[in-house]
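Novice:
Residue numbers (the numbering used here): 1 to 512.
(1) Among residues of its own chain, excluding the 5 on either side of residue 95, which ones have a beta-carbon nearer than 6 angstroms to its beta-carbon?
(2) Quick one: what does DSSP say residue 129 is sitting in, helix, strand or coil?
(3) Quick one: what's got a C-beta closer than 6 angstroms to residue 381's C-beta in the same chain, skipping five residues either side?
(4) Could you check if residue 508 is buried or exposed, using at least 16 other CB atoms within 10 Å of its CB as the buried criterion?
(5) What would DSSP say about residue 483, mapped onto helix, strand or coil?
(6) State the CB to CB distance for the pair residue 92 and residue 75, rounded to an integer number of angstroms; the pair is presumed to be in contact (CB under 8 angstroms).
(7) Between the C-alpha atoms of residue 179 and residue 203, what's the straight-line distance to the nearest angstrom?
(8) Mind checking which residues open and close the alpha helix (DSSP H) that includes residue 523?
(9) What are the uninterrupted segments assigned as beta strand (DSSP E) that are 3 or more residues long and contained completely in the segment 23 to 101, given in chain order?
(10) Go ahead and label residue 462 buried or exposed: buried means 16 or more other beta carbons lie within 10 angstroms of its beta carbon, across all protein chains shown.
(11) Which term fits residue 116, buried or exposed, when burial requires 16 or more other beta carbons within 10 angstroms of its beta carbon?
(12) In three-state DSSP terms, what is residue 272?
(13) What did DSSP end up calling residue 511 once you bin it into helix, strand or coil?
(14) Alpha carbon to alpha carbon, what distance is there between residue 482 and residue 36?
(15) Looking only at its own chain, which residues have a Cβ that is under 6 angstroms from the Cβ of residue 279, when we skip the five neighbours before and after it?
(16) Quick check on the burial criterion: 16 or more other C-beta atoms within 10 angstroms. Buried or exposed for residue 506?
(17) In the DSSP output, what is residue 462 paired with across the bridge?
(18) Three or more C-beta pairs under 8 angstroms: does that hold for the segment 403 to 415 against the segment 434 to 452?
(19) Taking DSSP as the reference, what is the three-state secondary structure of residue 148?
(20) Ordered along the chain, which non-local residues of its own chain (more than five positions away) have a Cβ less than 7 angstroms from that of residue 233?
(21) Who are residue 410's beta bridge partners in DSSP?
(22) Just the Cα atoms here: how many angstroms apart are residue 298 and residue 321?
(23) Evaluate residue 364 with the Cβ neighbour count: other Cβ atoms within 10 Å of its Cβ, from every protein chain shown; 16 or more gives buried, anything less gives exposed.
(24) Quick check: what's the CA-CA separation for residue 71 versus residue 103?
(25) Whole angstroms are fine: how far does the CA of residue 151 sit from the CA of residue 161?
(26) Might you give, ordered along the chain, the residues of its own chain that have their beta carbon closer than 8 angstroms to the beta carbon of residue 263, omitting 5 neighbours on each side?
(27) Is residue 351 helix, strand or coil by DSSP?
(28) Roughly how far, in whole angstroms, is the beta-carbon of residue 358 from the beta-carbon of residue 395, given that I think they are within contact range, below 8 angstroms?
(29) With DSSP collapsed to three states, give me the class of residue 360.
(30) Mind checking whether residue 261 and residue 185 have CB atoms under 7 angstroms apart?
(31) Could you have a look at residue 247 and say whether DSSP puts it in helix, strand or coil?
(32) Between the alpha carbons of residue 390 and residue 494, how many angstroms are there, rounded?
(33) Would residue 163 and residue 143 be called neighbours here (beta carbons separated by less than 7 angstroms)?
(34) Count the other C-beta atoms from every protein chain shown that fall within 10 angstroms of the C-beta of residue 512, then say buried if there are 16 or more, exposed otherwise.
(35) What does a CB cutoff of less than 7 angstroms around residue 201 pick up in its chain, not counting 5 residues either side in sequence?
(36) Check the DSSP bridge columns for residue 281 and list the partner residues they point to.
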């Protein structure tokens with residue numbers, strides 16, 4: 001009895017080592033079929049009929065499940081796509097282990113199959129299948145021969161005929177169509193026959209390449225030396241039947257576009273479609289100022305520009321200044337770029353001919369001049385302000401005319417200083433996966449934002465926006481035993497959004 005038990009457990013252990021999993025690995029039959037057909041035709045070089053013959057046998061042997069393993073009537077293991085039996089199954093295992101493959105996977109089994117076919121013992125099968133006619137009758141012959149000499153099942157004449165019939169009908173009908181050349185699509189485009197702007201885009205769409213087309217290649221070629229250079233064309237690959245093409249990186253010139261459909265199984269391409277022609281030109285210039293002569297009260301000025309896309313140069317004349325025209329101007333582009341608890345930085349664009357700029361602060365219902373700047377200055381930082389407070393600023397230009405000073409209209413802007421830095425006074429762990437923060441109230445703040453991070457170098461993530469009355473918050477859903485870092489910022493509300501103060505000192509805690 002003890003000897004019998006020892007023998008039984010030994011067999012169980014051996015089987016556990018030999019067969020790691022009898023799972024339905026990759027039993028997505030259609031996906032497996034595509035992989036197998038591609039390997040048989042592209043890697044080994046069989047024609048469609050030969051591949052159909054082999055696959056008709058695999059269907060009967062394993063149902064295209066590479067991890068299918070079972071015992072035969074003699075107690076020998078059989079497994080894999082071809083149900084390799086006994087010593088052949090262990091030979092499959094050794095081959096895959098030596099080559100770094102999973103022996104219950106498709107890649108390793110197909111490599112082993114190719115290895116077997118090119119060995120001396122099975123080479124006659126390889127040579128026969130390489131010669132079969134690429135037709136339905138060729139698929140029948142391939143399946144029959146494979147079953148009779150490679151699989152060798154019981155009742156092999158009956159089985160060979162049965163599998164041959166499947167190869168010649170269902171498999172040939174499917175795969176002979178799938179390997180057919182895709183149809184040539186018809187191309188259309190909204191750019192056809194037009195001149196389009198270099199900063200625009202256009203849609204290209206085309207008809208279907210038929211059932212065998214799984215993708216398309218759109219080629220766009222430039223006209224060079226009187227010919228469209230398709231050898232150096234820009235190419236776009238897509239699975240869709242339309243594509244939006246941006247011309248922002250196209251050089252100016254004449255172009256032609258064509259499209260091809262591609263058979264996803266064989267990679268065969270259709271003939272090129274009809275040609276769609278169009279021209280890319282700079283219709284809306286993106287000008288850059290390169291030089292200027294500022295106008296004065298004695299004479300006019302000019303501004304010279306160059307288009308960044310096409311290089312075309314343009315010059316715009318500006319009339320000489322008059323007191324009346326200058327006084328009607330306003331300083332353009334006034335913004336508050338930076339706000340700290342005690343300062344706000346203003347920036348603006350120039351007014352042609354201005355000698356300088358005055359900066360004002362609205363205080364007690366009156367404008368107080370803060371600074372008078374030279375003409376080349378376009379920014380000013382207002383200091384000694386109170387935190388979390390709203391202010392109104394203004395900027396105007398001025399120019400000297402015959403001993404008199406002429407000023408422009410005031411450009412005004414409202415801006416708020418940032419709140420003071422938050423002081424986190426306590427950090428606690430009230431429960432598993434939770435950390436509670438407590439801080440002092442920041443005067444005149446409109447609210448607080450709590451941030452958390454597991455790696456401060458990678459930045460912080462906002463967790464919650466809180467009202468100004470709240471001075472404590474519990475961060476939840478934290479992973480037990482891990483370290484978290486926290487900061488809190490106060491903010492004031494402005495017309496352009498929230499203005500934040502400096503972050504609090506970093507606090508950290510390990511979650512319970």
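Note that the Cβ used here is the ideal one computed from N, Cα and C, for glycine as well.
Specialist: Looking at the atomic coordinates:
(1) Taking the chain shown and counting its residues from 1, the one referred to as residue 95 is at position 95. Within the same chain, residue 95 has close Cβ partners 112.
(2) Position 129 of the chain shown holds residue 129. Reduced to three states, the DSSP call for residue 129 is helix.
(3) Taking the first residue of the chain shown as 1, we reach residue 381 at position 381. Closer than 6 angstroms at Cβ, skipping near neighbours: 343, 345.
(4) Residue 508 sits at position 508 when you count from the first residue of the chain shown. By the neighbour-count rule (16 or more Cβ atoms within 10 Å), residue 508 is not buried but exposed.
(5) The count along the chain shown starts at 1 and reaches residue 483 at position 483. Three-state result, residue 483: strand.
(6) Here residue 92 refers to the residue found at position 92 of the chain shown. Here residue 75 refers to the residue found at position 75 of the chain shown. Not confirmed; about 18 angstroms, so no contact.
(7) Your numbering for residue 179 matches position 179 in the chain shown. Your numbering for residue 203 matches position 203 in the chain shown. Rounded to whole angstroms, residue 179 to residue 203 spans 30 angstroms at the Cα level.
(8) Absent from the model: residue 523. The displayed extent of the chain is 1 to 512, so no value can be given.
(9) 69 to 71, 77 to 79
(10) Here residue 462 corresponds to residue number 462 of the chain shown, with the count starting at 1. Residue 462 is exposed by the Cβ-count criterion.
(11) As a position in the chain shown, residue 116 is number 116, starting the count at 1. By the neighbour-count rule (16 or more Cβ atoms within 10 Å), residue 116 is buried.
(12) Looking up residue 272 in the chain shown gives position 272. In this structure, residue 272 counts as coil in the three-state DSSP scheme.
(13) Taking the first residue of the chain shown as 1, we reach residue 511 at position 511. Three-state result, residue 511: coil.
(14) By one-based count along the chain shown, residue 36 stands at place 36. By one-based count along the chain shown, residue 482 stands at place 482. Using only the alpha carbons, I get a separation of about 47 angstroms.
(15) Numbered from its first residue, the chain shown carries residue 279 at position 279. Around residue 279: 195, 254.
(16) One-based indexing of the chain shown puts residue 506 at position 506. Its Cβ having fewer than 16 others within 10 Å, residue 506 is exposed.
(17) Reading the chain shown from its first residue, position 462 is the one you call residue 462. Answer is 451, bridged to residue 462.
(18) no
(19) For the purposes of this step, residue 148 is taken as residue 148 along the chain shown, with counting starting at 1. Correct three-state label for residue 148: helix.
(20) Counted from its first residue, the chain shown places residue 233 at position 233. 219, 220, 221.
(21) Residue numbering aside, residue 410 sits at position 410 when the chain shown is read from its first letter. DSSP lists no bridge partner for residue 410.
(22) Locating residue 298 in the chain shown gives position 298, where the first residue counts as 1. Locating residue 321 in the chain shown gives position 321, where the first residue counts as 1. Looking at the two C-alpha atoms, the distance is approximately 8 angstroms.
(23) Sequence index remark: in the chain shown, residue 364 carries index 364 (1-based). Flag for residue 364 reads exposed.
(24) For this step, residue 71 is matched to residue 71 along the chain shown. For this step, residue 103 is matched to residue 103 along the chain shown. Cα atoms of residue 71 and residue 103: separation of roughly 17 angstroms, rounded to the nearest angstrom.
(25) Position 161 of the chain shown holds residue 161. Position 151 of the chain shown holds residue 151. Straight-line Cα distance between these residues: approximately 13 angstroms.
(26) By 1-based counting over the chain shown, the position of residue 263 is 263. These residues qualify, in order along the chain: 178, 179, 180, 181, 182, 212, 213, 214, 269.
(27) Sequence index remark: in the chain shown, residue 351 carries index 351 (1-based). Coil at residue 351, not helix or strand.
(28) Counting from one through the chain shown, the residue named residue 358 turns up at place 358. Counting from one through the chain shown, the residue named residue 395 turns up at place 395. Residue 358 to residue 395, Cβ: 7 angstroms. Contact.
(29) As a working note, residue 360 is residue 360 in the chain shown. Strand at residue 360.
(30) Here residue 261 refers to the residue found at position 261 of the chain shown. Here residue 185 refers to the residue found at position 185 of the chain shown. It is a contact, given that the beta carbons lie within the stated cut-off.
(31) As a position in the chain shown, residue 247 is number 247, starting the count at 1. Coil, per DSSP.
(32) Within the chain shown, numbered from 1, the residue matching residue 390 stands at position 390. Within the chain shown, numbered from 1, the residue matching residue 494 stands at position 494. Whole-angstrom Cα-Cα distance: 8 angstroms.
(33) Within the chain shown, residue 163 is the residue found at index 163, counting from 1. Within the chain shown, residue 143 is the residue found at index 143, counting from 1. Going by C-beta atoms, residue 163 is nearer than 7 angstroms to residue 143.
(34) Sequence index remark: in the chain shown, residue 512 carries index 512 (1-based). So residue 512 counts as exposed.
(35) Position 201 of the chain shown holds residue 201. Cβ neighbours of residue 201 beyond the five flanking positions: 244, 245, 246, 247.
(36) Stepping through the chain shown from its first residue, residue 281 is reached at position 281. Note: residue 281 is bridge-paired with 197 in the DSSP secondary-structure output.
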